[in-house]
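Heads up, the thing below is written out as structure tokens.
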Amino acid sequence: MTNGKLINFVSNLQYYMFPNSKYPLIDLTGYTEKADMEVNCDLSDIDEINKEIERYGLKFILRDEWIDMVIVTDVKKGS
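Below, the structure written as structure tokens:
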């Protein structure tokens with residue numbers, strides 16, 4: 076990633092590499108500036124990604140987290 080935001084990196088991973096995951100990827104770093112980050116691995120393997128981003132002090136972890144979300148339902152089925 077060159078001159079990109081971490082939130083975009085995380086969003087792109089979720090959308091392109093983990094679209095069917097039951098776990099959402101959430102950026103909680105609080106880092107809002109643009110950055111350069113080199114990630115050379117299989118982007119469909121979260122363990123491999125973690126090995127690559129460890130050098131930047133980052134890691135994906137599995138934990139419970141409350142998040143706001145919008146849910147879209149079928150009008151015919153109701154809410």
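So for the sequence shown, our numbering puts the first residue at 76; every next one is plus one.
We put the beta carbon where it would ideally sit given N, CA and C, even for glycine.
Once the 5 residues before and after residue i are set aside, which same chain residues still bring their CB inside 7 Å of it?
i: Asn78; result: Lys109 and Asp111
i: Ile124; result: Val114, Cys116, Leu118 and Phe135
Could you give the C-beta distance for residue i and residue j, rounded to a whole number, given that I count them as a contact under 8 Å?
i: Ile101; j: Glu140; result: 6 Å
Considering only residues of the same chain and omitting the five flanking positions on each side of residue i, which have a CB-CB separation below 8 Å?
i: Lys126; result: Cys116
i: Tyr98; result: Leu137
Considering only residues of the same chain and omitting the five flanking positions on each side of residue i, which have a CB-CB separation below 6 Å?
i: Leu118; result: Met92
Nearest by alpha-carbon distance to residue i: which of the options is it?
i: Tyr106; options: Asn87, Val145 and Gly132; result: Gly132
i: Glu113; options: Val147, Phe135 and Ile128; result: Ile128
Subject >> Residue ranges of each alpha helix (DSSP H) within the stretch 93 to 137, 4 or longer >> reply: 121 to 128
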